[in-house]
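The structure appears below as structure tokens.
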Amino acid sequence: MPAAPLESFADLVRSALRQKEPHRLLFVFIRVDRPDGAPLPADGGTLSPIMYIDLPPAGELDFATLTRDADAQSPVWDWVMIGALSGTHGTPPTPARAEEVLQTMVRLIEAGGDLSPFVILDRAERPVRLSPAEPV
-8 MPAAPLESFA DLVRSALRQK EPHRLLFVFI RVDRPDGAPL PADGGTLSPI
42 MYIDLPPAGE LDFATLTRDA DAQSPVWDWV MIGALSGTHG TPPTPARAEE
92 VLQTMVRLIE AGGDLSPFVI LDRAERPVRL SPAEPV
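Structure representation (structure tokens):
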């Protein structure tokens, strides 16, 4: 039976908690710079990673707390890109491995890479869907 689609941040946390191996959730907060009148970066804007963090999935982790904590560090973000990193043999991923993957996520954003493997939410917890940029 296929997995149910993720409908909310809470679904994502619950999904990570149900996995066989322990996970870390990876968050990269993104500023969206748009030219006047452009609705999305595909219309000429840019995405800039602002900050990142990794957290263990926990029942008390909710979107309101995540956004409040992010705003306390830097309120200039528009979207959060979320990935999950699995541990092995019952051991969670190391901080060094989480940092490595977070840096890869940052580089993907900076290079205009394919972000489709990640969940992206806006400040209102609405999913953001991006199309790959057209080659010039």
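Its first residue numbered -8, the sequence shown is counted upward by one per residue in the numbering used here.
Backbone N, C-alpha and C define an ideal beta-carbon position, used for all residues, glycine too.
The C-alpha of Phe0 lies about 18 Å from the C-alpha of Pro13. DSSP lists Ile44 and Ile73 as the beta-bridge partner residues of Phe18. Excluding sequence positions up to five before and after Ile100, its CB lies within less than 8 Å of the CB of Val19, Ile21, Leu38, Ser39, Pro40, Met72 and Leu106, all in the same chain and listed in chain order. Its Cα nearest to that of Thr58, the residue Asp113 stands out among Gln10, Arg120 and Asp113. A Cβ-Cβ distance of about 11 Å is found for the pair Ala61 and Trp70, leaving them out of contact under the 8 Å criterion. For Thr85, the three-state secondary structure derived from DSSP is coil. Following the DSSP letters along the chain, one finds Leu112 inside the beta strand (DSSP E) bounded by residues Val110 to Asp113. The DSSP-derived three-state label of Val119 is coil. At the C-beta level, Asp45 and Ala89 come within 8 Å of one another.
With contacts defined by Cβ atoms closer than 8 Å, Val4 and Pro66 do not form a contacting pair. Going by C-alpha positions, Asp2 is about 17 Å away from Ser77.
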